[in-house]
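Numbering-wise, the sequence shown is residues 1 to 335 according to the UniProt record's numbering. A short write-up of the structure that comes next.
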Amino acid sequence: MPAVLLDGLRMTNATQSYIDAMHAILSHRGWITCSKSMLTGMTVAGFRFTVQRSLQVESTTAYNWMAENFIAADFIGIAASQGAGFNFESTFPLYQKQAVGMIKESIDNGIGVVVWKDRFVVVAGYDDDKQVLYYSDGEGNEQGIHDGLKSLAYDDFGRNETPYWYYQFFENKIELEEIEIYRESLIQAIYKWETHDPMLPEGEYACGRLAYDAIISAIQTGDYIAKDGASVIGYYAGAKRDISLYIRELSRMWPEIVQAAEEYGRVAAIFTEVACLLVEWRQEISDIALNNHPQVTLLVALVQEAKEKEANAIEKLRWWMRESLDNRFHDIGLR
1 MPAVLLDGLR MTNATQSYID AMHAILSHRG WITCSKSMLT GMTVAGFRFT VQRSLQVEST
61 TAYNWMAENF IAADFIGIAA SQGAGFNFES TFPLYQKQAV GMIKESIDNG IGVVVWKDRF
121 VVVAGYDDDK QVLYYSDGEG NEQGIHDGLK SLAYDDFGRN ETPYWYYQFF ENKIELEEIE
181 IYRESLIQAI YKWETHDPML PEGEYACGRL AYDAIISAIQ TGDYIAKDGA SVIGYYAGAK
241 RDISLYIREL SRMWPEIVQA AEEYGRVAAI FTEVACLLVE WRQEISDIAL NNHPQVTLLV
301 ALVQEAKEKE ANAIEKLRWW MRESLDNRFH DIGLR
């Protein structure tokens with residue numbers, strides 16, 4: 001039996017995020033025509049801001065995938081099913097076989113699948129004769145493999161550098177009023193800013209506004225690895241940039257929030273600068289009294305400025321959405 005491939009389904013690796021994979025699949029299916037920055041905002045994914053207190057690279061994927069990726073799809077009217085677990089469990093071979101079968105079924109239906117392969121990637125085909133899945137991670141292809149794709153043996157599904165396995169496939173789309181999607185995303189943005197992710201221990205992670213304090217603490221104490229810190233900050237620079245573009249687009253309807261877009265634009269620029277400086281200066285400041293070093297002082301000042309800018313942006317959104325927020329009473333995260 002020849003390989004089954006979804007023609008033209010390739011992932012563009014902008015931020016190495018779930019949204020990269022989701023956007024590729026939904027665009028290929030014809031269910032969305034929006035930019036990746038718009039999808040980042042509508043799904044609320046771009047407003048998630050979590051850091052491990054030593055700025056480890058896991059910061060950007062430290063959230064409840066089953067809950068939040070499902071809700072991300074639900075926010076925009078996409079029905080999704082998914083599975084996840086640990087590959088060290090005795091039942092893993094059974095789940096692995098079931099997962100591969102469901103992935104193949106989705107491909108047969110013309111819809112790609114999001115899979116965790118040490119990051120989120122897109123499965124775009126399979127070959128039963130070779131017992132492999134074909135996936136796109138935005139970084140080119142293996143020699144001899146179909147253009148832009150890499151191979152993953154059925155037996156290797158879920159066997160990652162970390163013990164987690166995960167897949168998500170999309171089933172259908174329900175038409176929603178876009179203006180209501182936009183409104184809900186802004187409400188959820190405020191919720192993300194104010195609320196710690198209940199899945200994460202507060203001693204190890206910080207979320208929303210408190211993530212800024214954790215970044216400042218790591219810089220002041222030197223309790224981070226430069227490469228990891230730059231990667232995390234760089235990732236969030238992209239997310240803040242996407243949110244700036246998203247809110248700017250919404251400001252065409254609601255001019256009152258254009259300043260929030262400008263504030264997020266400045267936050268993105270600051271994050272980009274900080275990421276570069278972390279790498280450039282790390283060797284110089286590694287063996288000295290960090291708190292008193294002028295370069296550390298500058299980094300802290302930049303992060304503090306970014307915090308103030310984002311706080312201003314959130315306050316603009318809060319003012320604009322005040323009536324809807326009041327209707328949520330004590331829990332604005334409710335839908």
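All C-beta atoms in this analysis are idealised placements derived from N, C-alpha and C, irrespective of residue type, glycine included.
**Study point:** LYS97: first and last residue of the uninterrupted alpha helix (DSSP H) it sits in
**Key:** 92-108
Review point. Is the stretch 267-274 in contact with the stretch 86-105, if contact means three or more CB pairs nearer than 8 Å?
Key: no
**Study point:** Presumed contact (8 Å Cβ cut-off) between ILE107 and GLY83, rounded CB distance
**Key:** Their Cβ separation, rounded to whole angstroms, is 16 Å, which puts ILE107 and GLY83 out of contact at 8 Å.
Practice item. Helix, strand or coil for THR50, going by three-state DSSP, please let me know. Key: strand
Point to revise | One or two residues paired with GLY158 in a DSSP bridge | key: Paired residue(s): none; GLY158 is not in a bridge.
Review point. What residues are listed by DSSP as bridge partners for ASP127?
Key: VAL132
**Study point:** Where the beta strand (DSSP E) through GLU305 begins and ends
**Key:** Careful: GLU305 lies outside any beta strand (DSSP E), inside the alpha helix (DSSP H) at 294-320.
**Study point:** One or two residues paired with PHE170 in a DSSP bridge
**Key:** ALA80
Exercise for review: Please name the residue in GLY30, TYR154, GLU68, THR43 whose C-alpha comes closest to that of LEU94.
Suggested key: TYR154
Point to revise | Extent of the continuous alpha helix (DSSP H) to which LEU149 belongs | key: Element bounds for LEU149: n/a, residue is neither H nor E.
Review point. Can you tell me whether SER81 is buried or exposed, with buried defined as 16 or more other CB within 10 angstroms of its CB?
Key: exposed
Review point. Given TYR236, which residues of its chain have a CB within under 7 Å of its CB, disregarding the five upstream and five downstream residues?
Key: PHE49, PHE271
Point to revise | Neighbour-count burial assignment, MET42, 16 or more Cβ in a 10 Å radius | key: buried
**Study point:** Beta-carbon proximity list for ILE190, same chain, < 8 Å, skipping 5 on both sides
**Key:** ILE314, LEU317, ARG318, MET321, LEU325, ILE332
Check your understanding: How would you call TYR18, buried or exposed, if buried means at least 16 neighbouring beta carbons within 10 angstroms?
Key -> buried
**Study point:** LEU9, DSSP secondary structure in three states
**Key:** coil
Review point. With a cut-off of 7 Å, does the C-beta of SER35 fall near any C-beta of chain C?
Key: Protein chain content of the structure displayed is limited to a single chain, and chain C is not contained in it.
Review point. Under a Cβ-count criterion, where at least 16 other Cβ atoms within 10 Å of its own Cβ denotes burial, should ARG69 be classed as buried or exposed?
Key: According to the sequence displayed, residue 69 carries Asn and not Arg. Answer is buried; the Cβ neighbour count reaches 16.
Exercise for review: Specify whether the stretch 28-44 and the stretch 236-255 touch according to this definition: at least 3 beta carbon pairs, one from each stretch, less than 8 Å apart.
Suggested key: yes
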